[in-house]
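**Q** Below is the structure I would like to discuss, written out as structure tokens.
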Amino acid sequence: MDLFAGSNSAEQVGSQSENDACGGVGTLTEEDLIHCATVWNRMSFEEKEKYRNINNCKKSNIETADPVSSMALCEEDDADDTILDPFCPEKPSCSRSLKPRCTTRRTKRNICQPRKRKRPFGVKRKKWVKPGPVTNNPYLNFIRTVRRRYCGLMPKQLVILAAYEWRCLSDSKKLRYRRLASLVRASQRQQQRCACNLT
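In this text, residue positions in the sequence shown follow full-length UniProt numbering: the first is 1, and each later residue adds one.
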């Protein structure tokens, strides 16, 4: 029996302290009582103790434990709480529609063009030199191929290298350059004949 009596007294103390925090039951409606109950539940243990011992506290302690300040802090939270505001219509939670993003001229250019492969540093590309026209001299035609093969050489080095390789060539390989020279001679003769006939 003592246990039940203790629990009833604790409930009475809690309800009495809630009423004191809200300014008395007689002046409040049901909505105000619900609001006061939520404020009471959100209070810390130390704030609740001030209202439980309100009869023994001094006037200075009562002024510091003003319930209006704690209620004002919770007014903004109560506006968003659907349980505390049952008559408030729910806000439609719609996801924002994403518009298709237009591709700029720069992004289109980057998409269309293939990426260029970067060469390793320190490796320089050899500058290609035009070998020159085919002549009626087989040795000059051979120098033309050597110049294409070993591009970037100085003229003096090119002549020395071509003379050494021409000396080491066989007659069958030299015959190719002699045929090129004979074809050039034949074309030159034909051009001369055409020029003579026109005159």
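Think of the CB as a built atom: it goes at the ideal place given N, C-alpha and C, for glycine as much as any other residue.
This one's a predicted model, so the numbers in the text were calculated from it and none came from an experiment.
On a Cα-Cα basis, can you pick out the residue from N197, R149, S172 that is closest to L161?
**A** On the sequence shown, residue 161 is found 161 positions in, with the first residue counted as 1. Checking every option, the nearest Cα to that of L161 belongs to R149.
**Q** Within the continuous alpha helix (DSSP H) that includes T145, where are the two ends?
**A** Within the sequence shown, residue 145 is the residue found at index 145, counting from 1. It spans 138 to 149 - the alpha helix (DSSP H) in which T145 sits, taken as one unbroken run.
**Q** Going by C-alpha distance, which of F45, E46, S182 is nearest P138?
**A** Translated into positions along the sequence shown, residue 138 becomes position 138. Checked all of F45, E46, S182; the closest Cα to P138 is S182.
**Q** State the DSSP-derived secondary structure class of K174, mapped to helix, strand or coil.
**A** In the sequence shown, the residue the question calls residue 174 occupies position 174. The answer is helix: DSSP assigns K174 an H, G or I state.
**Q** Assign T38 to one of three DSSP states: helix, strand, or coil.
**A** Indexing the sequence shown from 1 puts residue 38 at position 38. Note: T38 maps to helix in three-state DSSP.
**Q** Using the three-state DSSP reduction, which class does N53 fall into: helix, strand or coil?
**A** Here residue 53 refers to the residue found at position 53 when the sequence shown is read from its first residue. Here N53 sits in coil by DSSP.
**Q** N141 and Y177 - do their beta-carbons sit closer together than 7 Å?
**A** Here residue 177 refers to the residue found at position 177 when the sequence shown is read from its first residue. Here residue 141 refers to the residue found at position 141 when the sequence shown is read from its first residue. The answer is yes: Cβ separation under 7 Å.
**Q** So, using beta-carbon positions, are R193 and N136 closer together than 7 Å?
**A** Translated into positions along the sequence shown, residue 193 becomes position 193. Translated into positions along the sequence shown, residue 136 becomes position 136. Their beta carbons are not under 7 Å apart, which means R193 does not touch N136 by this criterion.
**Q** Counting only the same chain and skipping the five closest in sequence on each side, list residues whose C-beta sits under 7 Å from that of D80.
**A** Here residue 80 corresponds to residue number 80 of the sequence shown, with the count starting at 1. Here the model assigns D80 a pLDDT of 49, short of 50, so the residue's position is not dependable and the matter cannot be decided.
**Q** Taking Cβ to Cβ, would you say V134 is nearer than 7 Å to L169?
**A** On the sequence shown, residue 134 is found 134 positions in, with the first residue counted as 1. On the sequence shown, residue 169 is found 169 positions in, with the first residue counted as 1. Against a cut-off of 7 Å, the Cβ pair of L169 and V134 comes out as no contact.
**Q** Less than 7 Å between the beta carbons of R147 and L158, yes or no?
**A** Numbered from 1 along the sequence shown, position 147 holds the residue referred to as residue 147. Numbered from 1 along the sequence shown, position 158 holds the residue referred to as residue 158. Taking 7 Å as the Cβ cut-off, R147 and L158 qualify as a contacting pair.
**Q** Mind checking which residues open and close the alpha helix (DSSP H) that includes L158?
**A** Position 158 of the sequence shown, counted from the first residue, corresponds to residue 158. First-last of the alpha helix (DSSP H) with L158: 155 to 168.
**Q** Look up K48 in the DSSP assignment and say whether it is helix, strand or coil.
**A** For the purposes of this step, residue 48 is taken as residue 48 along the sequence shown, with counting starting at 1. Here K48 sits in helix by DSSP.
**Q** According to DSSP, is V184 part of a helix, a strand, or is it coil?
**A** The sequence position of residue 184 within the sequence shown is 184, counting from 1. Residue state, collapsed to three classes: helix.
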